[in-house]
Structure formats: structure tokens, C-alpha cells
Amino acid sequence: MSVANEPSFRESVDLMFNRAVGLLGLPPGLEEKIRVCNATYTVRFGVRLRGEIKTFTGYRSVHSEHMEPVKGGIRYATSVNQDEVEALAALMTYKCALVEAPFGGSKGGLCIDPREWDEYELEQITRRFAYELAKRDLIHPSQNVPAPDMGTGEREMAWMADQYARMNTTDINARACVTGKPLNAGGIAGRVEATGRGVEYALQEFFRDPRDIEKAGMSGSLDGKRVIVQGLGNVGYHAAKFLSEEDGCKIVGIIERDGALTNPDGLNVEDVRSWIIKHDGVKGFPDASYTENGAAIMEEDCDILIPAAMEGVINLSNADRIKAPLIIEAANGPVTAGADKILREKGCVIIPDMYANAGGVTVSYF
Ligand code: GLU
Numbered sequence: 000m001s002v003a004n005e006p007s008f009r010e011s012v013d014l015m016f017n018r019a020v021g022l023l024g025l026p027p028g029l030e031e032k033i034r035v036c037n038a039t040y041t042v043r044f045g046v047r048l049r050g051e052i053k054t055f056t057g058y059r060s061v062h063s064e065h066m067e068p069v070k071g072g073i074r075y076a077t078s079v080n081q082d083e084v085e086a087l088a089a090l091m092t093y094k095c096a097l098v099e100a101p102f103g104g105s106k107g108g109l110c111i112d113p114r115e116w117d118e119y120e121l122e123q124i125t126r127r128f129a130y131e132l133a134k135r136d137l138i139h140p141s142q143n144v145p146a147p148d149m150g151t152g153e154r155e156m157a158w159m160a161d162q163y164a165r166m167n168t169t170d171i172n173a174r175a176c177v178t179g180k181p182l183n184a185g186g187i188a189g190r191v192e193a194t195g196r197g198v199e200y201a202l203q204e205f206f207r208d209p210r211d212i213e214k215a216g217m218s219g220s221l222d223g224k225r226v227i228v229q230g231l232g233n234v235g236y237h238a239a240k241f242l243s244e245e246d247g248c249k250i251v252g253i254i255e256r257d258g259a260l261t262n263p264d265g266l267n268v269e270d271v272r273s274w275i276i277k278h279d280g281v282k283g284f285p286d287a288s289y290t291e292n293g294a295a296i297m298e299e300d301c302d303i304l305i306p307a308a309m310e311g312v313i314n315l316s317n318a319d320r321i322k323a324p325l326i327i328e329a330a331n332g333p334v335t336a337g338a339d340k341i342l343r344e345k346g347c348v349i350i351p352d353m354y355a356n357a358g359g360v361t362v363s364y365f
């Protein structure tokens, strides 16, 4: 998402880094060395599909190799570009450092709309992408270990692990070349829901400290808090599910690709999720009001706003209209540096992505 006068995603991450690093008193030069991405590879490859050769573009960016393997997901989306993977790779470095997962930061992406391809085609594309990355050691159990991200999941990780194992038949650790695999392919229980669970835990911790609660001008506990979630993908779905089923939160708004649902009495997350899977969107869901302009619902009155879709959705164009006193960044980089400043000046508390969504990589480490 780009807005006029707004820096790019990578620049936005760097601006926030600069703000933090300004407080650290690092030796001269070290700041710049940490900030920059070490390497970004672009791979272009062809796959014979539907009677012709289709060309795809993918990236793997390595932000910091101060610890190896480097870690970070691979996303499938048409919006993937070099600036984005570099920003996301940097966030992985900071995220791993914060939770003391002993990894450097990396990120990958393939410029593709996964909904345009069937399962067989996606497997061909994924295997070829994995091949291109593996032959450059950009997938490697001891150097670079991808994971799921937007548009990818257990299935894609299983294909990648298998592709790597075929290319490295004597490597006993071959399956450790990616995390987020299905249980039956060497994955760990709890990885799928881990990021959403981490968002829940971060909020639970927030509401345990009266100083934090007061800073946001709030009171009480999570129980009864009105929550708006943007994006009911893997992270948003699990966060909303746990918060409503276990913490007493009311999910009063869910924003999806095709619009938003609102219900002041709370939405049933499981029912909305099933509806989306069946109808390819939220439109028509009973027991809720539907608004086609989903983004406007982020500006509605609520206690906690959870942007769980993608970067830059809270930006210079809407930050001053956001009413939530507490925002938790479940997605990577949903609040731009400019919006962050506006919101902080208004007294809004933002729980940052590098902490809020670190549950995924933490369970990857386990
Ligand atoms: N997509 C995850 C993230 O953004 C990947 C974490 C991992 O490497 O497990 O944190």
C-alpha cells in the first residue's frame, strides 16, 4: 500500500530503526551496518504451465547474518517487490533479536496471486522456486531457513522441504531447511496458530501492567474489550479466535478483502471464517452489517485495533481518524513511520510487530 508523501516500506522501517537506535549510543558506523540489508537476490524462472512457459519473479533478502541460519517467511502475493522483502527481512532481524531466537533476519517473496493457480500448478511453481533458492544456498538448514508467510502455509513448506531433500539426498538435516511444515512432514505442533497465539499473549501481558493500561487511557482487563481485526488470515483468525473464546473480547469488526462485517454484540470468528472459505469473502454473512469500504471500519470506535493483513494500512491518509486507544501490530509493518508519530502524539499505544507477532518464529525455533 503506498500513499503520496509517504516513504516506502523499507524507508519506514529504517526511520523507526533510527528512532530506536538514537537511544542506544552505538559506536560510530555500527548503526549503518545494522540498518542495511546484506544481500537481496532476485530470481526469475520459467515453468511450463497451461501450454506455455510462464515466467515468475521471486526474491530472498538476507538482512543480517550476525547469527545463522537466517530466518523469515516466504510470501506469495502480487505486491511482492524488493523494497518489501528488504523491509520484512530487517523486521525479522529485530524480531529474532528481541525474543532471543538465535537467528539473523531474512525474507522471501514470489510475485504471484496464488488464487489464480490450482494445486498442481502451485506445486510446480513452488518446487521450481525452491530449486532456484536452494542452489544459491538461500534455503539451507544451517544458513537460511524459510517459513510460511502471507499466501503460503504448511503445504508450500512441505513441497519446499521435499524439493530440498531431493537435491540433498545425503543430508540428515534436509527437512530442517524450512519451518512450518505439516506435522507428518516433520513440523511442530502449534506452529500454525503460534503467531495468533503470540498476539493474544502480548495483549494478556499488556493488561497485566496497570501502567500500560493507564498509558492507553483504558481500564480493566481484556474481558469485554471491543476488538476490530483487519485480515482474517492465519494470524488474524487465530488472534481473534483466542481473544474471543478465551479472554472474553468482543470481535465487533472484521475487515477482509471484499469489505467488512460489524456487530456491536460481537461476531463469531469461527462462523465468519467458515463463511469466507465457502463464499470467498465476508459479503452476505448473516447477523452482521456489511460495508464494502472495509478500510473505513478501521476508523470505527473500538478498544483494540488489530491490523493483521499487510503493511502500510495505517498511514498518513487515515492515522488521524483512527479512534482505537490501543493498536497491536499483528501484521508486519501495518503502521507506517508517519502514522506512528501521529498516533503517538494522540496518545494511542502501539504494541509493535517485532514483539507482537514474534510467536511464529519463536515456535519455529522450538
Ligand atoms: N512469516 C513469519 C514472520 O513474519 C516467519 C517466521 C519464521 O521464520 O518462522 O515472522
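Residues in the sequence shown are numbered consecutively from 0, following numbering that gives the first Met the number 0. Beta carbons: idealized from backbone N, C-alpha and C, even for Gly. Predicted model, so just to flag it, every value in this text is computed and none were measured.
Residue j beta carbon less than 8 Å from that of residue i
{"i": "Val177", "j": "Val144", "result": "yes"}
{"i": "Leu25", "j": "Asp352", "result": "no"}
{"i": "Glu199", "j": "Ala238", "result": "yes"}
{"i": "Pro333", "j": "Ile350", "result": "no"}
{"i": "Gly108", "j": "Gly152", "result": "no"}
{"i": "Ser243", "j": "Val268", "result": "yes"}
{"i": "Ala193", "j": "Gly359", "result": "yes"}
{"i": "Val42", "j": "Leu132", "result": "yes"}
{"i": "Gly195", "j": "Tyr236", "result": "yes"}
{"i": "Asp222", "j": "Asp246", "result": "yes"}
{"i": "Gly150", "j": "Ala76", "result": "yes"}
{"i": "Asn4", "j": "Leu315", "result": "yes"}
{"i": "Ile296", "j": "Ile327", "result": "no"}
{"i": "Ser105", "j": "His62", "result": "yes"}
{"i": "Arg126", "j": "Gln162", "result": "yes"}
{"i": "Ala307", "j": "Gln229", "result": "yes"}
{"i": "Ala201", "j": "Ala355", "result": "yes"}
Simplified DSSP assignment, three categories, for residue i
{"i": "Gly252", "result": "strand"}
{"i": "Ile349", "result": "strand"}
{"i": "Phe365", "result": "coil"}
{"i": "Asn4", "result": "coil"}
{"i": "Phe55", "result": "strand"}
{"i": "Ser273", "result": "helix"}
{"i": "Gly105", "result": "The identity of residue 105 in the sequence shown is Ser, whereas the question assumes Gly. Here Ser105 sits in strand by DSSP."}
{"i": "Gly235", "result": "helix"}
{"i": "Val191", "result": "helix"}
{"i": "Ala133", "result": "helix"}
{"i": "Ile111", "result": "coil"}
{"i": "Ser220", "result": "coil"}
{"i": "Leu313", "result": "First, the amino acid is wrong: residue 313 is Ile here, not Leu. In the structure shown, Ile313 sits in a strand (DSSP, three-state: E or B)."}
{"i": "Ile388", "result": "With the chain covering only 0 through 365, there is no way to say anything about residue 388."}
{"i": "Ile326", "result": "strand"}
{"i": "Pro181", "result": "coil"}
{"i": "Thr125", "result": "helix"}
{"i": "Ile321", "result": "coil"}
{"i": "Cys176", "result": "helix"}
{"i": "Lys94", "result": "helix"}
{"i": "Gly247", "result": "coil"}
{"i": "Trp116", "result": "coil"}
Spatially closest choice to residue i from the options, by CA coordinates
{"i": "Gly197", "options": "Gly152, Leu325, Ala157 and Ala329", "result": "Ala329"}
{"i": "Ala160", "options": "Glu291, Asn37, Leu14 and Ala175", "result": "Ala175"}
{"i": "His278", "options": "Arg256, Trp116 and Ala295", "result": "Arg256"}
{"i": "Ile111", "options": "Phe128, Val228 and Phe241", "result": "Phe128"}
{"i": "Arg9", "options": "Ala19, Asn80 and Glu30", "result": "Asn80"}
{"i": "Val35", "options": "Asp117, Leu14, Gln203 and Lys70", "result": "Leu14"}
{"i": "Cys248", "options": "Arg272, Trp274 and Ser220", "result": "Ser220"}
{"i": "His65", "options": "Phe205, Ile33 and Gly72", "result": "Ile33"}
{"i": "Asp264", "options": "Gly232, Ile227 and Ile275", "result": "Ile227"}
Close beta carbons around residue i, own chain, < 6 Å, minus the five adjacent residues each side
{"i": "Ala318", "result": "Ala338, Ile341 and Leu342"}
{"i": "Met309", "result": "Ala330"}
{"i": "Arg59", "result": "Tyr40, Gly107, Leu132 and Leu137"}
{"i": "Ser11", "result": "Thr335 and Ala336"}
{"i": "Ser363", "result": "Ala146 and Thr178"}
Residues near residue i by beta carbon distance below 7 Å, same chain, minus five either side
{"i": "Glu67", "result": "Gly103, Ser141 and Gln142"}
{"i": "Met217", "result": "Asp302, Pro324 and Leu325"}
{"i": "Ala157", "result": "Lys180, Pro181 and Ala184"}
{"i": "Gln123", "result": "Val46 and Leu48"}
{"i": "Lys282", "result": "Asp257, Gly258 and Tyr289"}
{"i": "Pro113", "result": "Tyr75, Leu121 and Gly150"}
{"i": "Phe365", "result": "Ile187"}
Residue i - partner residues in DSSP beta bridges
{"i": "Asn143", "result": "Val69 and His139"}
{"i": "Ser63", "result": "Gly104"}
{"i": "Ser78", "result": "For Ser78, which the question treats as bridged, DSSP gives no partner whatsoever."}
{"i": "Val42", "result": "Gly57"}
{"i": "Pro306", "result": "Gln229"}
{"i": "Ser288", "result": "Thr261"}
{"i": "Leu87", "result": "Bridge partners of Leu87: none, in fact."}
{"i": "Leu25", "result": "DSSP lists no partner for Leu25."}
{"i": "Leu48", "result": "Glu51"}
{"i": "Val334", "result": "Ile313"}
8 Å Cβ cutoff, residue i in contact with chain D
{"i": "Gly332", "result": "Absent here is chain D; the protein component of the structure consists of one chain."}
Cβ shell of residue i (< 8 Å), same chain only, five flanking positions each side left out
{"i": "Lys322", "result": "Glu298, Glu299, Asp300 and Cys301"}
{"i": "Gly280", "result": "Glu255, Arg256, Asp257 and Gly258"}
heavy atom of ligand 3 below 7 Å from residue i C-beta
{"i": "Asn233", "result": "Looking for ligand 3 in the displayed structure turns up nothing; the ligands present are ligand 1."}
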